[in-house]
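Sequence order for the protein chains is S and P. Numbered by the working numbering, the letters in the first sequence go through residues 134 to 497 in order. Numbered by the working numbering, the letters in the second sequence go through residues 134 to 497 in order. The C-beta atom is built at its ideal place from N, Cα and C for all residues, glycine as well. In this text the structure is predicted, and so the values were computed from the model without any measurement.
Protein chains: 2
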Amino acid sequence: MKELTLKNLDDFLRGTAFLGTGGGGNPYVGGLMLRQELEKGINCNLIKGSEVDDDALIIPIAVMGAPTVIVERLPNAKSCIKALRKMEELMGKKATALIGAEAGGINGTLPFILSSYTGLPVIDGDGMGRAFPELQMCTFGVYGVNCSPVIVRDEKDNEIIVNAENNHASEMFARVVCMQMGTKSEIALYPMTGKQMKETSVHHTCTLAYEIGKSIREARDTGKSPLNGIIDYFKTSFDKRFCKLLFEGKVTDLLRESTDGWAKGTVKLTSLSDPNQEMVVQLQNEFLIALVDNKPVAMVPDLICLVDLETAEPITAEDVKYGQRVNVIGVSVPENMRSKEALDTFGPVPFKVWDEYIPIEKIS
Amino acid sequence: MKELTLKNLDDFLRGTAFLGTGGGGNPYVGGLMLRQELEKGINCNLIKGSEVDDDALIIPIAVMGAPTVIVERLPNAKSCIKALRKMEELMGKKATALIGAEAGGINGTLPFILSSYTGLPVIDGDGMGRAFPELQMCTFGVYGVNCSPVIVRDEKDNEIIVNAENNHASEMFARVVCMQMGTKSEIALYPMTGKQMKETSVHHTCTLAYEIGKSIREARDTGKSPLNGIIDYFKTSFDKRFCKLLFEGKVTDLLRESTDGWAKGTVKLTSLSDPNQEMVVQLQNEFLIALVDNKPVAMVPDLICLVDLETAEPITAEDVKYGQRVNVIGVSVPENMRSKEALDTFGPVPFKVWDEYIPIEKIS
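Next up, the structure:
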């Protein structure tokens, strides 16, 4: 993908929803905002990380909060731009490009929305190749970029600048501020050089999102199973990944609360082929672990994606409903998300969902 | 008072404890910090507000949090200085003088501690002539000074800058940050010009504190009743106030919790002369209202001060103990703390303790 246009927007949005693994904010909302801009004839340039100068200033922009809130209280583009400008002011130079903090969900689309307003290009990459609930859960930080200063803003022009002792502290201060703002804030964070961006990003994740979305649409259009469209895509894609259908089931129980600044809960699925077999998926904004008979079949940072049984349309955590029929798909993640440092930050142990990381391809 | 020295320190501390009306942080702690500096031979200059140029930059500094916490986790002078320097940086000029946000408690001594480090003079005045629990409860704000930017810091160099839409929002954001810091933070706030300081302060409150403390000591030294020392002082002082003994009693019940970032609770007293008569004092860091037979005898912003029955030593809310014998003294406040705007901010209605303000002299 070279640019985001009206033509490839729907495929891209579908892919960001898939990479969101339930979270990252509902891309439908970001899609509406982006479509409005693209309809004016604006295209948003996507550039490779390698195209950027080492000393350029790269600024990640995101919306922070609980997806259950953000679906009703939309991100504010003006507030995002003010966060960007404030960060430029603090850094003493202009940004060369934008990058998503996370490729999944609404935060996958947000850099493009800002690109349409500012003309800045978007870098094909992000800090996690998916979505995660906390600010320190980011390859930028895992590989040495300081999360602070974090600009935390809302549409009423409340603006809080966090400078914290470490990235986890940045998260904790930004989180209480975000909760005070009503659990939705526009943020700028992890300001970095072009060199840092090249070394710490998960690359090509915007293109990946687009191609995942496209594989689902093309399968639908040609009468093929959309599920197989996804699975076949990962076999041949530029970014080869292990991908597997983990479970085919019906939602038979659902607990979902907006608490501590997050959407937290559990989804219970009953197998369509064997009514005695159950899958339990735990979520904190994103789907964190999938267990069958109390044994994990996939866990963070690997992707656990719920898609509609018929259409393979990705389902976000706040859209999961009782009685829904879904396929649960597991996908592996790149090596820089599986290092010791990475797993210490966003593996199953810091999430307290399992006591050691087992790669999805080893479980299967 | 022209300067704070080792000679007048104890009187001053006793007076800040009295003006603290139970809160503002225990002045014992501030006294230890200040004595350490004064013993090096440093004196801290006190200047009148009227001596300062209209375009000077005046910066209030304070410690924020629950007194029950601050008595164990002391204010950090270096962190205060960093807050001061950050505020100067944001304002683009150097401070001419310091002023206390509140004259009561540890916040009455803090500007002098900073003065000893920086050489800056302290202005004889503050923003409430007492102590209050919330940042917007300040004559600076009541009469038009913006509470933001608020620099909220801790000893680990976590530094959060709050820019909020109004002074109440500044309080709410700073409060959640302070709680995240462990309910103790060093703050700089309400940056103002000399002109604003002259127009919005409660003046001469440092001298007032010193003279209250002195009146208690002199009564003790001459064998007079220390309680009468205080009452007589207010009859003849430069700052004439209504002052009255409200109750003579024993602490027979006490509820005190550190919650929501404050010390909150109730003190119940039984009269020493009539065991059927009770006084109830409600507190949120400070003593807010005193009721006898469910009828108020004094309420915010008037001062409600608990002092030891024998020595008239002021008792802070965290030092109140079961069985303690105390005198409860009520003192009126200056007119700029009783205007409609002032009462809308720190009267009994915003504190939700009574439905209208009744001046202490009218109740009596």
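Same chain, Cβ closer than 6 Å to residue i, five either side skipped, listed in chain order
i      : result
N300/P : Q269, G274, C280
M432/P : I422, P481, W487
T403/P : G382, K383, T385, E411
K317/P : G198, V202, I203, R206
H336/S : G182, G258
L476/S : Y490
E292/S : R286
C271/P : G260, M261
G148/S : A342, Y343, I345, G346
R458/S : K383, L442
Close beta carbons around residue i, own chain, < 8 Å, minus the five adjacent residues each side
i      : result
D426/S : Q410, E411
V185/S : I191, T229, A230, I256, G327, M330, K331
K211/P : E288
F367/P : K373, R374, F375, C376, V464
E221/P : L190, I192, K227, A228
L387/P : G398, T399, V400, K401, V453, K454, Y455
D435/S : G463, V464, S465, V466, P492, I493
I175/P : S249
N178/S : K135, E136, S248, P254, V255
S334/P : G182, I232, I256, G258, D259, G260, T272, F273
T242/P : F145, L146, T149, P160, G163, G164, M166, L167
S502/S : In the structure displayed, chain S extends from 134 to 497; residue 502/S sits before or after that span and is not available.
E451/P : N159, P200, T201, V204, R389, A396
Near the ligand NAD: residue i beta-carbon under 7 Å from a heavy atom
i      : result
T251/S : Ligands displayed in this structure: none; no statement on the ligand NAD is therefore possible.
Residue i in three-state terms, based on DSSP
i      : result
P193/S : strand
P467/S : coil
G238/S : coil
L137/S : strand
R218/S : helix
N300/P : helix
E205/S : coil
V162/P : helix
V119/S : Absent from the structure is residue 119/S, since the part of chain S shown begins at 134 and ends at 497.
G198/P : strand
I175/S : coil
E170/P : helix
E184/S : helix
E288/P : coil
Same chain, Cβ closer than 7 Å to residue i, five either side skipped, listed in chain order
i      : result
E351/S : G362
V413/P : T399, K401, L424
Q415/S : T399, L421, I422, V486
Exercise for review: Taking a Cβ distance cut-off of 8 Å, strictly less, list which residues of the region 295 to 318 of chain P are near chain S, in chain order.
Suggested key: The residues in question are V295, N296, A297, E298, A302, M305, F306, V309, V310, M312, Q313.
Exercise for review: Quick one: which residues of the region 274 to 292 of chain S get their C-beta closer than 8 Å to a C-beta of chain P? List them in chain order.
Suggested key: Within the region 274 to 292 of chain S, the residues whose Cβ lies closer than 8 Å to some Cβ of chain P are K289, D290, N291, E292, listed in chain order.
Exercise for review: Return the chain-ordered ranges of every beta strand (DSSP E) run that is complete within the region 304 to 378 of chain P and spans a minimum of 3 residues.
Suggested key: Whole beta strand (DSSP E) segments, 3+ residues: 317 to 321.
Exercise for review: Write down every uninterrupted run of the beta strand (DSSP E) in the region 443 to 491 of chain S whose length is 3 residues or greater and which is fully enclosed by it, in chain order.
Suggested key: DSSP assignment within the region 443 to 491 of chain S yields the following whole beta strand (DSSP E) runs of 3 residues or more, N-terminal first: 458 to 464.
Point to revise | Segments assigned beta strand (DSSP E), at least 3 residues, entirely inside the region 374 to 448 of chain S | key: With a minimum length of 3 residues, the continuous beta strand (DSSP E) runs that stay inside the region 374 to 448 of chain S are 376 to 392, 395 to 404, 411 to 417, 419 to 425, 428 to 432, 436 to 441.
Check your understanding: Of all the beta strand (DSSP E) runs that stay within the bounds of the region 229 to 273 of chain P, which reach a length of 3 or more residues?
Key -> 230 to 233, all fully within the region 229 to 273 of chain P.
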